[in-house]
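Following: one structure in structure tokens, then a few remarks.
Residue numbers (my numbering), protein chains in the order written: chain Z, 10 to 297; chain C, 10 to 297.
Structure (structure tokens):
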């Protein structure tokens, strides 16, 4: 293994994987090395460009902390996250489609009872989100959990505000015996992904805008069923056809219906206009 | 651009590059996105593996600081650095071959006169490194600069020792009117690349050892000539055929000849055994 050239270098690197103890690791790394080398060859990468790539990746890593995941943002904006998502969730027709997790999920969100307000204390237009969790046959699933989270009316998640503790605008609600859930929140707005880091710069270089259409995140889980990580998008949003992370599916776009002040469907008397949004999640039975 | 699937997602992401202002950037990113997606598809990457990759890249970035470049180490150990090097230095026969820069070069190394000792104060076996910088026709190049650096007798660079200021075991010497240079150092030893970070873990997972054969780094520059970034490797080293960064070329392997105490070729009277190593660097004329 000396005198390696453009021609035989890739084979030499791949040959060194022969003693990798884990077969799956060997398979993945073989593919990574093969495509990394092929990309370098294809574009005849210059040394200055190689160094710019080193500096970019370093800056992406440096931008990550316990509340910011710039590598997930990079994966999202390059469509890699949605590709992984699509390949890992070949859901049957009728099941709720999945979309990206995104970088703002926080484990251990507070438990909420149905009817609670996840946006308590936040300004914005009130919205009552309700729906069911159903089997593929349309039967209700009781005790299903919705782990929901969203940005505020200014397009920022709690973890993006230094004065919040990362437990706002998120929570876990459960379906009742009829498979129904409901909670209050504020109507989400379109927002840009964070652009103050290296991924923001690369979006600019790609000639792309950083906006995501308004949405509410949910991870829906129920014992005996396949979970789904998804969003509900707001109908009419101007970015539905140019989502910065390629996540929009028609089946996830729903109407936020506006209502004048009065009694809301859950009995709450609203003194201001409010919105209702309804969505039924469908979960396939767990794989054997 | 909605309802993207495994089938059409890559095309959708590539299509968004159409308005990238810089054509070269567009070309490079197209290749990066194409190969990133192809790799994910080829191995059917799971979500857990995707997340492990995110965590790995984040850890690589976190390990970088002003004295440690873990992404360069990753590039080196995956053979990417040598591939970029090979493609960018298709040197004519007779010119000194290039090899990796590595992560330990420091700009602004101290100027040294010929005969100086770059390892002054460091334990180890003394070695007198001498040679010429020559044109392709074998004529001497006066005033050529050698920016040299190496690890100490324990295999560590100055920047790896927290008590040093990063200006030891390195320096810039210049050829005299006869195109000749010479300096004292200590005989280098084989050493492992840093294994206390995420790249060390990935080498372990690949079933590879982390060692590099003993070498002295040099960047040789001269006005009117193409520069070369290279090493001189020690003949007989046990790792010449399994360099962790794939950098060894036969033309760069030289003998460290051992001598009993006495007068060295530069007139220095040595009271202990010492080594001599001679290497002539050949530089092609600068491209027009």
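Just so you know, even glycine gets a beta-carbon here, dropped at the ideal spot from N, CA and C.
All figures in this text were calculated on a predicted structure; none of them were measured in a lab.
So what's residue i in DSSP terms, helix, strand or just coil?
| i | result |
| --- | --- |
| residue 272(C) | strand |
| residue 207(Z) | helix |
| residue 75(C) | coil |
| residue 12(C) | coil |
| residue 290(C) | strand |
| residue 285(C) | strand |
| residue 21(Z) | helix |
| residue 43(C) | helix |
| residue 215(C) | coil |
| residue 265(Z) | coil |
| residue 202(C) | coil |
| residue 237(Z) | strand |
| residue 255(C) | coil |
| residue 221(C) | strand |
Show which residues of chain C have a CB atom less than 8 Å away from the CB atom of residue i.
| i | result |
| --- | --- |
| residue 49(Z) | 89, 92, 93 and 96 |
| residue 158(Z) | Here the premise fails: no neighbours, minimum Cβ distance about 18 Å. |
| residue 263(Z) | Under the 8 Å cutoff, chain C gives no residues; its nearest Cβ is about 14 Å from residue 263(Z). |
| residue 22(Z) | 87, 88 and 255 |
List, in order along the chain, the chain C residues whose C-beta lies closer than 9 Å to that of residue i?
| i | result |
| --- | --- |
| residue 46(Z) | 87, 88, 89 and 92 |
| residue 250(Z) | 10 and 11 |
| residue 187(Z) | Here the premise fails: no neighbours, minimum Cβ distance about 31 Å. |
| residue 26(Z) | 215, 216 and 217 |
By how many angstroms is the C-alpha of residue j removed from the C-alpha of residue i?
| i | j | result |
| --- | --- | --- |
| residue 14(Z) | residue 68(Z) | 31 Å |
| residue 161(C) | residue 132(C) | 8 Å |
| residue 169(Z) | residue 105(Z) | 29 Å |
| residue 185(Z) | residue 47(Z) | 54 Å |
| residue 18(C) | residue 240(C) | 45 Å |
| residue 43(Z) | residue 50(C) | 13 Å |
| residue 144(C) | residue 151(C) | 10 Å |
| residue 41(C) | residue 276(Z) | 54 Å |
| residue 148(C) | residue 100(C) | 18 Å |
| residue 45(Z) | residue 204(C) | 22 Å |
| residue 142(C) | residue 95(C) | 21 Å |
| residue 89(Z) | residue 58(C) | 13 Å |
| residue 336(Z) | residue 62(Z) | In the structure displayed, chain Z extends from 10 to 297; residue 336(Z) sits before or after that span and is not available. |
| residue 218(C) | residue 60(C) | 26 Å |
| residue 38(Z) | residue 272(Z) | 59 Å |
| residue 163(C) | residue 86(C) | 21 Å |
| residue 284(C) | residue 223(C) | 14 Å |
| residue 265(C) | residue 156(C) | 20 Å |
| residue 74(C) | residue 54(C) | 31 Å |
| residue 116(Z) | residue 215(Z) | 33 Å |
| residue 171(C) | residue 173(Z) | 38 Å |
| residue 113(C) | residue 254(C) | 14 Å |
Quick one: list the residues of chain C neighbouring residue i, beta-carbon separation under 7 Å, in chain order.
| i | result |
| --- | --- |
| residue 30(Z) | 216 |
| residue 70(Z) | 66, 67, 69, 70, 71 and 73 |
Name, please, each residue of chain Z whose Cβ falls closer than 8 Å to the Cβ of residue i.
| i | result |
| --- | --- |
| residue 40(C) | 48, 51 and 52 |
| residue 63(C) | 78, 80, 81 and 84 |
| residue 18(C) | 88, 91, 92, 95 and 255 |
Residue i touches chain Z at which residues, Cβ-Cβ below 9 Å?
| i | result |
| --- | --- |
| residue 257(C) | 10, 11, 12 and 13 |
| residue 55(C) | 93, 96 and 97 |
Can you pull the chain Z residues whose beta carbon is under 7 Å from the beta carbon of residue i, in chain order?
| i | result |
| --- | --- |
| residue 36(C) | 52 |
| residue 58(C) | 37 |
Fully enclosed by the stretch 129-193 of chain Z, which beta strand (DSSP E) runs are 3 residues long or longer?
-> 135-143, 154-158 and 179-183
Is the stretch 220-233 of chain C in contact with the stretch 61-76 of chain C, if contact means three or more CB pairs nearer than 8 Å?
-> no
Residue ranges of each alpha helix (DSSP H) within the stretch 48-129 of chain Z, 4 or longer | 56-72, 79-86 and 89-97
Counting pairs of Cβ atoms below 8 Å between the stretch 203-217 of chain C and the stretch 82-91 of chain C, do you hit three or more?
-> yes
Do the stretch 240-249 of chain C and the stretch 165-181 of chain C touch if we need at least three Cβ pairs shorter than 8 Å?
-> no
Taking three-plus beta-carbon pairs below 8 Å as touching, is the stretch 122-136 of chain C in contact with the stretch 288-297 of chain C?
-> no
Hey, is the stretch 184-198 of chain Z in contact with the stretch 119-130 of chain Z, meaning 3+ C-beta pairs nearer than 8 Å?
-> yes
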